[in-house]
Amino acid sequence: MKKRKFVKLLSIIMVVTLGITGCSTSSNSGKIDDKQKTAGTGDSVDLSKVTLRFGEVGWSQYQSELKAAGLDNTPYKVEYNTFQGGNLCLQAMAADQIDLTGSSETPPVFAAESQNQGNFKIVAVNHGSTLLQELVVPKDSPIKTVADLKGKKVGYINATTAQYFLIKMLEKVGLKWSDVDAKQMSTADGVTALAGGQIDAFASYGNSIIAAHKNGAITLQSAQDILSGYFPYEASVTALKDSGKKAAIIDYLARVEKANQWKRDNAEAWAKISAKPQGFSEEDGLDVFKKQEAQTKSQVILVDDKVIASQQDLSNVFNSVGLIKNKQDVKNFYTNELNDELKKALSK
3 MKKRKFVKLL SIIMVVTLGI TGCSTSSNSG KIDDKQKTAG TGDSVDLSKV TLRFGEVGWS
63 QYQSELKAAG LDNTPYKVEY NTFQGGNLCL QAMAADQIDL TGSSETPPVF AAESQNQGNF
123 KIVAVNHGST LLQELVVPKD SPIKTVADLK GKKVGYINAT TAQYFLIKML EKVGLKWSDV
183 DAKQMSTADG VTALAGGQID AFASYGNSII AAHKNGAITL QSAQDILSGY FPYEASVTAL
243 KDSGKKAAII DYLARVEKAN QWKRDNAEAW AKISAKPQGF SEEDGLDVFK KQEAQTKSQV
303 ILVDDKVIAS QQDLSNVFNS VGLIKNKQDV KNFYTNELND ELKKALSK
């Protein structure tokens, strides 16, 4: 038994290590007081002795935006690790290699299935845009409605918001997952397959949708009114038990909210920084950012019943098609323990 547990732990650590694509550190006390009151206790904590390990997804978005906004002068050290996917961030959290990360609503429902329930709690959410999440078809396709997809080949990205909204779209017109010939593929392969006629429709997001449209694809249905736009921030259970890291998490999320405003006020400057790492031209990056912010202003918000209900629906949908074996009560991986202190920090 002990040997099996060791092998399983070793495999998790190997996956996490392979998933890391970059590591960097930011530390600059500036003029900020290194000592702050800890959440809930009022006791003073020396943040200069704290290291907050943050998991980035895809590229160094958070490190870049805090630096650009002049908000990287944290009184604690921040260690950044970049992973190619929110699922890998949460695997790292399960192995206690990071303290804080952000993801879409999808990775947490799978991470919670692990033996230690993933060693995470969702402590806050970034409410953002739901644009560029679409079901697209070729320009001259005879498919005019979602109902026309019955028996057709539909590409999708497995265990993502794309699969979630595709299931919801099918359900709305009375179709089941088994009524279509669903083809699991990557974003890049999906764009190629759609253009080449290997699939009849493609459910995807982000720059793959832009690429599909540039190839002539048209929107069959947008998921902008299906998705919540909630992007959870997960903190490790271990970090939440540490008063210093807990205080650093609250401070860091408050800085992210200030950076959200800086990006809106400096859209062109942000596009110069963010477009290339996301696979956009600078022009497309600026256009996408402005449209997304016009639809929904990016904002760090507290955990509440509406946030939890959205996550529960996603979990239920994935359970209904067998992606999640057990029915979940997602409240178990949420916590509002930071709400009071975070609310104060966000209002400053």
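Take the sequence shown: its letters are residues 3 to 350, numbered as in the working numbering.
Note that beta-carbon positions come from the ideal geometry of N, C-alpha and C, so glycine has one too.
Which same chain residues end up closer than 6 Å to residue i when comparing Cβ atoms and leaving out the 5 residues on each side of it in sequence?
i	result
Gly-32	Low confidence applies here, because Gly-32 scores a pLDDT of 41, under 50, leaving its location unreliable; read the following figure in that light. Excluding residues within five positions, the ones whose Cβ falls inside 6 Å are Asn-75.
Tyr-78	Leu-49, Val-52, Leu-54 and Ala-250
Ala-241	Asp-101 and Lys-247
Lys-155	Asp-183, Lys-185, Ile-201 and Asp-202
Ser-317	Val-111, Gln-330 and Val-332
Asn-217	Ala-197
Ile-228	Phe-167 and Lys-170
His-215	none
Helix, strand or coil: how does DSSP classify residue i here?
i	result
Ile-145	coil
Val-52	coil
Ser-312	helix
Asn-268	coil
Lys-152	coil
Thr-189	helix
Tyr-254	helix
Tyr-64	helix
Val-80	strand
Ile-275	helix
By how many angstroms is the C-alpha of residue j removed from the C-alpha of residue i?
i	j	result
Ala-70	Trp-272	8 Å
Phe-335	Asp-142	45 Å
Ala-149	Asp-202	13 Å
Ser-105	Pro-234	6 Å
Lys-84	Val-323	Reading the sequence as shown, one finds Thr at residue 84 and not Lys. Near 31 Å, if we compare the C-alpha coordinates of Val-323 and Thr-84.
Gln-263	Leu-177	42 Å
Gln-297	Ser-131	6 Å
Val-139	Gln-313	28 Å
Val-47	Ala-311	35 Å
Asn-328	His-129	28 Å
Lys-299	Lys-293	10 Å
Ile-145	Val-125	42 Å
So the beta strand (DSSP E) residue i belongs to, where does it begin and stop?
i	result
Asp-183	183 to 186
Asn-209	Looking at the DSSP string, Asn-209 is not in any beta strand (DSSP E); the run it does join, the alpha helix (DSSP H), is 209 to 216.
Whose CA, out of the options, lies closest to the CA of residue i?
i	options	result
Lys-346	Leu-304, Gln-119 and Gln-314	Leu-304
Gly-120	Val-127, Asn-128 and Ile-100	Ile-100
Ala-184	Ile-159, Lys-79 and Val-127	Ile-159
Leu-133	Ala-97, Ile-212, Gly-198 and Leu-151	Ile-212
Arg-266	Ser-46, Ile-220, Gln-301 and Gln-165	Gln-301
Val-258	Ala-197, Leu-344 and Ile-124	Leu-344
Glu-236	Asp-307, Leu-92 and Ser-317	Leu-92
Val-127	Phe-320, Tyr-232, Asp-244 and Lys-243	Tyr-232
Met-171	Ser-188, Ile-275, Ser-224 and Thr-103	Ser-224
Ile-275	Ser-26, Phe-56 and Gln-65	Gln-65
Thr-108	Lys-299, Lys-174 and Val-319	Val-319
Lys-174	Leu-151, Ser-230 and Glu-115	Leu-151
Thr-189	Asp-181, Asn-321, Thr-163 and Ser-180	Thr-163
Asp-98	Phe-122, Asn-268, Ser-230 and Pro-144	Phe-122
Gly-87	Pro-144, Ser-349 and Ala-161	Ala-161
Once you ignore the five residues that flank residue i on each side, which residues in its own chain have a CB closer than 8 Å to its CB?
i	result
Met-3	Annotation note: pLDDT 44 at Met-3 (below 50); position unreliable, no value reported.
Gln-280	Gly-60, Trp-61, Gly-208, Asn-209 and Gly-287
Glu-270	Leu-288
Tyr-254	Leu-54, Phe-56, Thr-76, Val-80 and Leu-102
Could you spell out where the alpha helix (DSSP H) holding residue i opens and where it closes?
i	result
Tyr-232	Looking at the DSSP string, Tyr-232 is not in any alpha helix (DSSP H); the run it does join, the beta strand (DSSP E), is 232 to 238.
Thr-108	108 to 113
Phe-335	Element bounds for Phe-335: n/a, residue is neither H nor E.
Ile-169	163 to 174
Lys-292	284 to 297
Please list, in chain order, all residues of the same chain as residue i whose beta carbon is under 7 Å from its beta carbon, the five residues on each side excluded.
i	result
Ser-283	Ala-277
Ala-261	Glu-67, Leu-68, Ala-71 and Leu-73
Val-309	Val-127 and Tyr-232
Asn-118	Ala-96
Is residue i near the ligand FAD, going by C-beta to nearest heavy atom under 6 Å?
i	result
Trp-61	No copy of the ligand FAD appears in this structure; indeed no ligand is present at all.
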